[in-house]
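Residue numbers (the numbering used here): 136 to 257.
Even for Gly, the Cβ is constructed at its ideal location relative to N, Cα and C.
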């Protein structure tokens with residue numbers, strides 16, 4: 136799966152939260168100063184080319200919808216980071232988080248317990 140730019144991710148987050156949208160409706164989710172319609176339209180078409188969005192036709196206009204879920208994208212991005220920076224070692228990721236004090240040993244123990252008991256690890 137291709138990596139998204141910051142702007143593409145921003146737009147996809149709106150689609151993941153709101154569902155199907157026309158580009159004009161997408162504009163409603165931006166604060167002023169809003170991006171130009173043509174700019175958003177170009178990015179949305181690019182997202183469709185990358186197979187993140189598809190559309191339904193309504194005359195000469197399109198309503199776009201996500202075809203990749205946020206979870207699918209997040210998992211793909213995580214796998215890419217783990218592969219690139221940790222030589223495909225998830226243990227290396229956890230070890231790094233502990234060393235950098237981003238996760239405590241108590242939190243890690245709770246996570247292990249949740250996994251072992253089948254609980255939700257979030």
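Range covered by the alpha helix (DSSP H) that runs through residue 192:
Position 57 of the chain shown, counted from the start, is the residue given in the question as residue 192. Counting along the chain, no alpha helix (DSSP H) covers residue 192; the unbroken beta strand (DSSP E) around it starts and ends at 188 to 193.
So, using beta-carbon positions, are residue 188 and residue 143 closer together than 7 angstroms?
Here residue 188 refers to the residue found at position 53 when the chain shown is read from its first residue. Here residue 143 refers to the residue found at position 8 when the chain shown is read from its first residue. Contact: no.
Quick one: grab the DSSP three-state call for residue 165.
Position 30 of the chain shown, counting from 1, holds the residue named residue 165. In this structure, residue 165 counts as coil in the three-state DSSP scheme.
Below 8 angstroms, can you find three or more Cβ-Cβ pairs linking the region 193 to 205 to the region 140 to 154?
yes
What do you reckon, are the CB atoms on residue 169 and residue 162 nearer than 7 angstroms?
Locating residue 169 in the chain shown gives position 34, counting from the first residue. Locating residue 162 in the chain shown gives position 27, counting from the first residue. Closer than 7 angstroms, so yes.
My output table needs one value for residue 140: the three-state DSSP class, helix, strand or coil.
If you number the chain shown from 1, residue 140 lands on position 5. In the structure shown, residue 140 falls within a coil segment according to DSSP collapsed to helix, strand and coil.
Residue 156 to residue 199, Cα distance in whole Å?
Residue numbering aside, residue 156 sits at position 21 when the chain shown is read from its first letter. Residue numbering aside, residue 199 sits at position 64 when the chain shown is read from its first letter. Residue 156 and residue 199: Cα-Cα distance of roughly 5 angstroms.
Can you round the beta-carbon distance between residue 117 and residue 158 to whole angstroms, since I take them to be within the 8 angstroms contact cut?
The structure shown has nothing for residue 117, since the chain only spans 136 to 257.
Is it buried or exposed, residue 247, if we count other Cβ atoms within 10 angstroms and call 16 or more buried?
Along the chain shown, one-based indexing puts residue 247 at 112. By the neighbour-count rule (16 or more Cβ atoms within 10 Å), residue 247 is not buried but exposed.
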